[in-house]
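Numbering (the UniProt record's numbering), first residue to last: 1 to 136.
Yeah, the Cβ is synthetic: ideal placement off N, Cα and C, and Gly gets one too.
Note that the structure is predicted; figures quoted are calculated from it, not measured.
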């Protein structure tokens with residue numbers, strides 16, 4: 001597995017950008033009248049709130065992902081760090097799909113747990129790379 005931690009970080013940024021585009025398209029019937037139904041309603045009203053919630057999710061736990069990656073970039077990032085970063089990004093994409101396209105809370109929880117553990121793994125690598133926990 002080759003590459004830099006900046007690649008999965010950029011992939012997560014691309015996911016957030018895609019969600020902004022998707023949210024704009026879902027709001028187009030209400031905001032600009034583009035794609036309204038003949039009765040004037042928005043055909044995307046049911047999914048718009050889920051897209052918006054998912055977009056908000058991209059600025060919660062992922063913050064810890066980006067900070068861990070930035071810190072690991074200061075050290076020699078290992079293949080383990082790169083693998084965990086890609087697990088996180090793949091999990092975020094899957095989490096977005098599950099949250100936006102369905103209502104399976106159990107599956108969403110499993111995917112979130114995977115993302116959560118990947119970031120905790122990255123932070124464990126940060127602590128190890130920095131020389132372990134401080135000694136008092």
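Cβ neighbours of residue 118 within its own chain (closer than 7 Å, five residues either side excluded): 84, 87, 88, 91. Closest in alpha carbon position to residue 24, among 125, 50, 8, 130, is 50. Between the alpha carbons of residue 81 and residue 52 lies a gap of roughly 30 Å.
The residue among 6, 56, 65 with its C-alpha nearest the C-alpha of residue 126 is 65. Contact between residue 96 and residue 19 holds: their C-beta atoms lie close to 7 Å from each other, under 8 Å.
Its chain contains 95 as the residues whose beta carbon lies nearer than 7 Å to that of residue 112, once the 5 sequence neighbours on both sides are disregarded; these appear in chain order.
The alpha-carbon of residue 42 is positioned some 10 Å away from that of residue 48.
Rounded to whole angstroms, the separation of the alpha carbons of residue 98 and residue 62 is 17 Å. Looking from the CA of residue 55, the closest CA among 17, 71, 46 belongs to 17. By the Cβ neighbour-count rule, residue 128 is exposed, with fewer than 16 other Cβ atoms within 10 Å of its own. Cβ-Cβ distances below 8 Å link residue 93 to 15 in the same chain, with the five nearest sequence neighbours on each side left out; the list follows chain order.
Separation of residue 73 and residue 35 (C-alpha to C-alpha, rounded to the nearest whole angstrom) is 45 Å. Sixteen is the threshold: when 16 or more other Cβ atoms of the shown chains lie within 10 Å of the Cβ of residue 77, as they do, the residue is buried.
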